[in-house]
């Protein structure tokens, strides 16, 4: 078996920063908090909406927060604010699949939205499995490793410092993509195994 490549979704394959921002702001307003600018929100993005609400002093059960987020995100998507696939993503994913890599997605993104977007972007059939609505990415990665008897050539590809930390905790290598949620300087401080400016650069390594 060649490489196992496990992708985060938001900010890596799907550029959903604007609709995620809007959904986050609507949730904050629901709990009586003020909006912040897109730039300030992006700098301080958290691993999930649960951590986001907690950072603003909102105490709610994780299940409730995730359910409210999905409802809000769905409402935003039905407006004029839509996620889009990164321009090079479809070509790169197709090439990686044809090269023999096993491809997965593990994401906190709501599972239903994840699969709907993958089908809309015409990349669904290139992946072995989509695992969405994940609260513990480390466990999700470890399950993939166990189920597919993965070797050392397994990488988690993400766009935040949390993705790099998750890969390290799961005992696999990390790839940081710099055109997503966290900027290059912030990502470099976490010492990813590989850092790329775009998905196209993955083809140099895999």
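Residue numbers (our numbering): 1023 to 1228.
Note that beta-carbon positions come from the ideal geometry of N, C-alpha and C, so glycine has one too.
In this text the structure is predicted, and so the values were computed from the model without any measurement.
How would you label residue i, buried or exposed, when you count the other beta carbons within 10 angstroms and need 16 or more for buried?
i            : result
residue 1135 : buried
residue 1091 : buried
residue 1184 : buried
residue 1147 : exposed
Under DSSP, the alpha helix (DSSP H) around residue i begins and ends at which residues?
i            : result
residue 1076 : 1071-1077
residue 1028 : Careful: residue 1028 lies outside any alpha helix (DSSP H), inside the beta strand (DSSP E) at 1026-1029.
residue 1141 : 1133-1142
residue 1183 : 1183-1192
residue 1162 : 1159-1169
Determine, using beta carbons only, whether residue i and residue j come nearer to each other than 8 Å.
i            : j            : result
residue 1032 : residue 1129 : yes
residue 1152 : residue 1137 : yes
residue 1200 : residue 1212 : no
residue 1106 : residue 1037 : yes
residue 1179 : residue 1064 : no
residue 1049 : residue 1075 : yes
residue 1162 : residue 1034 : no
residue 1198 : residue 1217 : yes
residue 1024 : residue 1123 : yes
State the CB to CB distance for the pair residue i and residue j, rounded to an integer number of angstroms; the pair is presumed to be in contact (CB under 8 Å).
i            : j            : result
residue 1053 : residue 1072 : In fact, because the Cβ distance is near 13 Å, the residues do not count as touching under 8 Å.
Between residue i and the rest of its own chain, which residues show a CB-CB distance below 8 Å, the 5 nearest in sequence each way excluded?
i            : result
residue 1117 : 1225
residue 1099 : 1041, 1105, 1135
residue 1110 : 1220, 1221, 1222
Taking the continuous beta strand (DSSP E) assigned at residue i, which residues delimit it?
i            : result
residue 1095 : Per DSSP, residue 1095 belongs to no beta strand (DSSP E); it is in the alpha helix (DSSP H), 1084-1099.
residue 1126 : 1124-1128
residue 1195 : 1195-1199
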